[in-house]
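Novice:
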Amino acid sequence: MSDSNIQTNLRQNVFPGALEDLPVDVPAGNSVALLGRPLEVQKLYCGVMVHELNNFLQCIQNGIDLAKAELQESNGEVDALLDDCSKASHNSICLLRNYSMLLKGEAGYSECKKVDVVDIARKSAKMLLRDSKINFLFGMDNSVEYVLGDETQLYQLFHNLLKNAKEAILDKGNTIRIDISRKIIGKGAFEDLLPGEYTQIKISDNGVGIDRNVIDNLFDPYFTLKNTGTGLGLSVCLGIVRRHKGSIRVDSESGKGTVFTVLLPSSG
Numbered sequence: 000m001s002d003s004n005i006q007t008n009l010r011q012n013v014f015p016g017a018l019e020d021l022p023v024d025v026p027a028g029n030s031v032a033l034l035g036r037p038l039e040v041q042k043l044y045c046g047v048m049v050h051e052l053n054n055f056l057q058c059i060q061n062g063i064d065l066a067k068a069e070l071q072e073s074n075g076e077v078d079a080l081l082d083d084c085s086k087a088s089h090n091s092i093c094l095l096r097n098y099s100m101l102l103k104g105e106a107g108y109s110e111c112k113k114v115d116v117v118d119i120a121r122k123s124a125k126m127l128l129r130d131s132k133i134n135f136l137f138g139m140d141n142s143v144e145y146v147l148g149d150e151t152q153l154y155q156l157f158h159n160l161l162k163n164a165k166e167a168i169l170d171k172g173n174t175i176r177i178d179i180s181r182k183i184i185g186k187g188a189f190e191d192l193l194p195g196e197y198t199q200i201k202i203s204d205n206g207v208g209i210d211r212n213v214i215d216n217l218f219d220p221y222f223t224l225k226n227t228g229t230g231l232g233l234s235v236c237l238g239i240v241r242r243h244k245g246s247i248r249v250d251s252e253s254g255k256g257t258v259f260t261v262l263l264p265s266s267g
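All residue numbers for the sequence shown refer to numbering that gives the first Met the number 0, where the first residue is 0 and numbers rise by one.
So this is what it looks like as structure tokens:
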């Protein structure tokens, strides 16, 4: 892909509206010099890679779905293989989405509309926990209203938090609970929140818990307590919540489980 094609791709697909200050015509071989700071260049080219890889994975996922639909009769071995492929593809797409959200920063907040977080919570839990033996509990306040936000990013928020909870109870515990309620925040109650009406989301598990000594680092990019983790999920959650002018907090004790509490402004 040429330098000019990369920049066109960036403007149209990866960072729409965020790169107006970059030159349109960059001579081949001089893009790094003209684009400026090395970190900026790295983010731009990583953005292209994320976008293109996501396209390939979507094609693979579509092929898997088509293959499953075209099977004339049920075949346990083939069905299991396709399910494994589908899970791997879905997890890869979610990982790329995490990278993309980190790269976009504030530019990633685009589709602002009334969103039913209760529906998103139920669907996210159903998708992520359907093949597990985890006991899932759900509670909600009937007065809960919509929030104003980006539906795709809120799906990602729930996915990351539920995935984190699921992994925390693989070795200990068996229950994940989501509670959604209405909460009024008064002036000065939270330093990072304006007073008003919020939707409170609590995602709790009875898993291994988190050592209090590392809780302050949980939302740092690339910080992970898992052998195979990327350290992106919770950092992305923090970014999503901040873009929605909300807050996220964690309360945990090693060996007893963890509770993540998210506050998002209600749509009013």
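A virtual CB, placed ideally from N, CA and C, is assigned to each residue, including glycine.
(1) Report the rounded CA-to-CA distance for lysine 113 versus leucine 161, giving the unit in angstroms.
(2) Assuming contact is defined by CB atoms lying nearer than 8 Å, are glycine 208 and serine 253 in contact in what I supplied?
(3) Checking the sheet assignment: what are the DSSP bridge partners for methionine 139?
(4) Would you mind giving the Cβ-Cβ distance between leucine 56 and serine 91, rounded to the nearest angstrom? I have them listed as a contact below 8 Å.
(5) Nearest by alpha-carbon distance to histidine 158: which of Arg96, Asp219, Lys132 is it?
(6) Please state whether DSSP places valine 31 in a helix, a strand or coil.
(7) In three-state terms, what does DSSP make of leucine 160?
(8) May I ask you to report which of helix, strand or coil DSSP gives phenylalanine 55?
(9) Out of Asp204, Asn61, Lys244, point me to the one whose CA is closest to alanine 167's CA.
(10) Can you tell me whether DSSP reads aspartate 64 as helix, strand or coil?
(11) So, are the CB atoms of tyrosine 197 and leucine 153 less than 8 Å apart?
(12) Since I believe leucine 81 is in contact with isoleucine 59 (beta carbons under 8 Å), could you give me their beta-carbon distance rounded to a whole number of angstroms?
(13) For a quick check, are the C-beta atoms of valine 77 and valine 116 less than 8 Å apart?
(14) Can you name the residues that DSSP bridges to isoleucine 133?
(15) Helix, strand or coil for arginine 248, going by three-state DSSP, please let me know.
Specialist: In short, the structure shows the following:
(1) Indexing the sequence shown from 1 puts residue 113 at position 114. Indexing the sequence shown from 1 puts residue 161 at position 162. Rounded to whole angstroms, lysine 113 to leucine 161 spans 22 Å at the Cα level.
(2) Here residue 208 refers to the residue found at position 209 when the sequence shown is read from its first residue. Here residue 253 refers to the residue found at position 254 when the sequence shown is read from its first residue. In this structure, serine 253 lies closer than 8 Å to glycine 208 by Cβ.
(3) The residue you call residue 139 lines up with position 140 of the sequence shown. Answer is Ile179, bridged to methionine 139.
(4) Looking up residue 56 in the sequence shown gives position 57. Looking up residue 91 in the sequence shown gives position 92. Yes, they are in contact, since the Cβ atoms of leucine 56 and serine 91 sit about 5 Å apart, within 8 Å.
(5) Taking the sequence shown and counting its residues from 1, one reaches residue 158 at position 159. That would be Arg96, whose Cα lies nearest to the Cα of histidine 158.
(6) One-based indexing of the sequence shown puts residue 31 at position 32. A caution first: valine 31 carries a pLDDT of 42, below 50, which makes its placement in the model unreliable, though a value can still be read off. The answer is helix: DSSP assigns valine 31 an H, G or I state.
(7) By one-based count along the sequence shown, residue 160 stands at place 161. In this structure, leucine 160 counts as helix in the three-state DSSP scheme.
(8) Indexing the sequence shown from 1 puts residue 55 at position 56. Helix at phenylalanine 55.
(9) Numbered from 1 along the sequence shown, position 168 holds the residue referred to as residue 167. For the residues Asp204, Asn61, Lys244, the minimum Cα distance to alanine 167 belongs to Asp204.
(10) Counting from 1 along the sequence shown, the entry for residue 64 is found at position 65. Looking at aspartate 64 - three-state DSSP - the assignment turns out to be helix.
(11) Sequence index remark: in the sequence shown, residue 197 carries index 198 (1-based). Sequence index remark: in the sequence shown, residue 153 carries index 154 (1-based). Cβ distance not < 8 Å, so tyrosine 197 and leucine 153 don't count as in contact.
(12) To locate residue 59, count along the sequence shown from 1; it is residue 60. To locate residue 81, count along the sequence shown from 1; it is residue 82. 11 Å between Cβ atoms; not a contact.
(13) What you label residue 77 is simply residue 78 of the sequence shown in a count that begins at 1. What you label residue 116 is simply residue 117 of the sequence shown in a count that begins at 1. In this structure, valine 116 does not lie closer than 8 Å to valine 77 by Cβ.
(14) In the sequence shown, counting from the first residue as 1, residue 133 sits at position 134. None, per the DSSP bridge assignment.
(15) Residue mapping note: residue 248 aligns to position 249 of the sequence shown, counting from 1. Strand, per DSSP.
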